[in-house]
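In our numbering, the protein residues as written are 17 to 166. In this text, a Cβ means the ideal position worked out from N, Cα and C, and glycines have one as well. Notes follow once the structure below has been shown.
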Ligand code: 8DG
Ligand code: MG
Ligand code: MG
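Structural data, given as C-alpha cells:
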C-alpha cells in the first residue's frame with residue numbers, strides 16, 4: 017500500500033463549562049482508551065478553531081454552545097507513542113458555555129468512540145483522565161474564567 021508520512025496533526029477540544037463542572041466522556045480509542053477526555057477532534061481544512069469546536073461538539077454530543085462566548089485557552093504539543101501507529105498532536109483548547117437558560121442534555125452520538133458524556137465537578141474529576149488532560153490539571157491549569165491560571 018501507500019506509505020503516508022507521519023506528520024503532526026491539529027486537534028481542537030472543548031472545555032464546556034456548566035457551573036463548576038466540565039463535560040467529559042470515557043474514550044473508546046487506540047489513543048487513551050477508557051480514560052476521561054474532553055469532546056473534540058481534528059481540525060478540517062479551512063476551518064476556524066471556533067468552527068471546529070462547534071462542529072465536533074455537535075457531532076459527538078448533539079449540543080450547541082453560545083458562539084459569542086467561545087474563547088481560546090491554551091495549546092499543547094504532545095506525542096502519543098502508542099504502537100503500531102504513534103501520533104503527534106498540537107491541541108487547541110477552547111472554552112465554551114451553553115446559552116443562558118439552555119438545558120440541553122449531552123447525547124452519546126458516537127458510541128464506538130465514547131462510553132457517554134456527563135458533567136463532572138472540577139474539584140472532583142473522574143479517574144483516570146486522558147493523560148494530556150491529567151498533565152494540564154497537575155500543572156495547575158484551570159479552565160474557569162477569573163481563575164489565576166487561566
Ligand atoms: P474526528 O474524526 O472526529 O475528527 O476525530 P476524533 O475521533 O473525534 O478525534 P479525538 O481522538 O477525539 O481527538 C483528536 C486528538 O486530540 C486525540 O487523538 C488527541 C488530542 N487530544 C488531546 N487532549 C484531548 C482531549 O481531552 N479530548 C480529545 N477528544 N482529544 C484530545 O491532546
Ligand atoms: Mg470527533
Ligand atoms: Mg473526539
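Could you check which residue in the options has the C-alpha nearest to that of residue i?
i           : options               : result
residue 150 : 113, 138 and 114      : 138
residue 40  : 161, 157, 100 and 136 : 136
residue 47  : 105, 161, 158 and 116 : 105
residue 27  : 54, 159 and 152       : 54
residue 155 : 21, 90, 70 and 83     : 90
residue 117 : 99, 129, 82 and 103   : 82
residue 88  : 59, 69 and 99         : 69
residue 21  : 101, 120 and 130      : 101
Name the one or two DSSP bridge partners that residue i has.
i           : result
residue 38  : 33 and 136
residue 56  : 29
residue 145 : 52
residue 71  : Answer is none; residue 71 lacks a bridge partner.
residue 43  : 130
If we count the other Cβ atoms within 10 Å of its Cβ and call it buried at 16 or more, is residue i buried or exposed?
i           : result
residue 72  : buried
residue 61  : exposed
residue 33  : buried
residue 115 : exposed
Are residue i and residue j touching if we call contact CB-CB under 7 Å?
i           : j           : result
residue 110 : residue 30  : yes
residue 146 : residue 108 : no
residue 112 : residue 86  : yes
residue 127 : residue 92  : no
residue 191 : residue 51  : The structure shown does not extend to residue 191, since the chain spans only 17 to 166, so no value can be given for it.
residue 133 : residue 144 : no
residue 125 : residue 67  : no
In the region 77-122, which residue ranges form an unbroken beta strand (DSSP E) of at least 3 residues, counting only runs that do not cross its ends?
87-96 and 103-113
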